[in-house]
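Residue numbers (our numbering): 296 to 618.
For every residue, glycine included, the Cβ atom is placed at its ideal position computed from N, Cα and C.
In this text, all values refer to a predicted model and were calculated from it rather than measured experimentally.
Let me begin by presenting the structure, written as structure tokens, before commenting on it.
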């Protein structure tokens with residue numbers, strides 16, 4: 296082998312090493328970028344642990360239900376000294392009374408330590424409005440929908456259909472009111488009265504809550520608590536909300552407080568969710584997909600919502616405005 300060939304081989308090996316090193320580094324950088332993107336999408340960098348003082352922006356949207364990840368996040372916000380205030384952005388028609396109560400209580404705990412303002416988007420009705428009252432200041436757009444103070448309990452009746460097709464559901468139970476009202480037969484005497492009593496208990500509690508949180512006496516709240524909805528403009532007139540405004544107005548209300556810098560930015564905080572918490576929702580997706588001849592993964596939540604509304608999966612009494 297000649298000297299020239301030996302030198303060429305040495306340079307070739309060096310060039311090959313450089314290329315291999317380059318691609319190794321590029322692959323490592325791509326892997327890190329993909330990992331960071333995945334963690335970001337998963338909520339690891341969604342405001343939790345953000346550096347520097349800021350105002351947390353917490354979004355509450357859709358049908359309200361018991362939401363452990365959201366409650367845990369609000370508890371972290373309560374204890375995080377870098378969070379100087381909270382803006383709740385609410386866009387919800389309501390949900391379960393228990394879900395609304397849980398979130399309302401969590402918001403009140405935060406508000407005991409730092410200012411909390413609510414900014415209503417399209418609507419904050421029923422349990423959505425209940426949560427808004429947990430804040431110390433509520434703003435809404437002029438055309439926002441607010442109110443719907445009330446409770447509703449719905450159940451289907453399928454006994455006429457079953458009678459037509461010759462199907463009946465037989466049952467043995469410990470007492471006449473067990474599991475009543477049932478969708479499979481006309482409720483027995485007393486069943487509706489029991490449900491009405493339960494609804495009235497929840498309704499009176501809702502009225503008391505609004506009376507306590509808003510600058511209204513109980514008689515004034517009762518006059519508004521007939522389930523009606525109203526615009527943001529009307530909400531200001533009736534004192535269900537405090538002012539017309541948006542997220543920036545809510546942020547400025549917080550920064551106007553003593554000891555809070557007026558240039559603090561809003562930072563999104565999003566709860567870490569491991570899985571869909573709706574009862575039987577994954578099973579429902581699989582069943583619907585099967586009927587359509589599709590794999591379950593091919594049926595996203597948005598498509599499922601059009602076929603089976605989320606409210607059908609809710610547990611407990613509903614405090615829901617339906618339009």
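Other residues of its chain near residue i: CB distance less than 7 Å, five sequence neighbours each side excluded
i: residue 559; result: 348, 349, 350, 379 and 550
i: residue 479; result: 453, 454, 457 and 464
i: residue 510; result: 534
i: residue 339; result: Annotation note: pLDDT 45 at residue 339 (below 50); position unreliable, coordinate value reported separately. Contacts found: none.
i: residue 408; result: 373
i: residue 450; result: 476 and 478
i: residue 557; result: 550
Cβ shell of residue i (< 8 Å), same chain only, five flanking positions each side left out
i: residue 412; result: 380, 381, 382, 383, 430, 431, 432, 433, 434, 545, 546, 548 and 549
i: residue 403; result: 429
i: residue 439; result: 415, 416, 417, 418, 419, 526, 527 and 530
i: residue 355; result: 365, 383, 384, 385, 386, 387, 398, 423 and 426
i: residue 542; result: 352, 382, 384, 414 and 561
i: residue 628; result: Any property of residue 628 remains undetermined from this structure, which presents the chain solely from 296 to 618.
i: residue 502; result: 444, 513, 516, 517 and 520
i: residue 485; result: 471 and 472
i: residue 437; result: 526, 527, 528 and 539
i: residue 487; result: 476
i: residue 508; result: 428 and 429
Contacts around residue i, its chain only, beta-carbon distance under 6 Å, and the 5 residues preceding and following it disregarded
i: residue 399; result: 425, 426 and 429
i: residue 538; result: 434
i: residue 471; result: 483
i: residue 540; result: 434
i: residue 555; result: 379
i: residue 401; result: 366 and 369
i: residue 506; result: 513 and 516
i: residue 462; result: none
i: residue 566; result: 364, 365 and 368
Under the three-state DSSP convention, the category residue i falls into
i: residue 421; result: coil
i: residue 461; result: coil
i: residue 354; result: strand
i: residue 555; result: coil
i: residue 455; result: helix
i: residue 567; result: coil
i: residue 427; result: helix
Identified DSSP bridge partners for residue i
i: residue 432; result: 412
i: residue 274; result: Residue 274 is absent from the structure shown; the chain starts at 296 and stops at 618.
i: residue 525; result: 441
i: residue 359; result: 390
i: residue 549; result: Residue 549 pairs with nothing; no bridge assigned.
i: residue 562; result: 351
Assumed close pair residue i, residue j - CB separation to whole angstroms, cut-off 8 Å
i: residue 441; j: residue 419; result: 5 Å
i: residue 353; j: residue 373; result: Not confirmed; about 12 Å, so no contact.
i: residue 476; j: residue 490; result: 7 Å
i: residue 444; j: residue 519; result: 6 Å
i: residue 392; j: residue 497; result: 5 Å
i: residue 394; j: residue 361; result: 5 Å
Could you name each continuous beta strand (DSSP E) segment of 3 residues or more that falls completely within the segment 378-418, going from the start of the chain to the end?
378-391
Minimum length 4: unbroken alpha helix (DSSP H) runs contained in the segment 463-546:
486-508, 513-519 and 527-532
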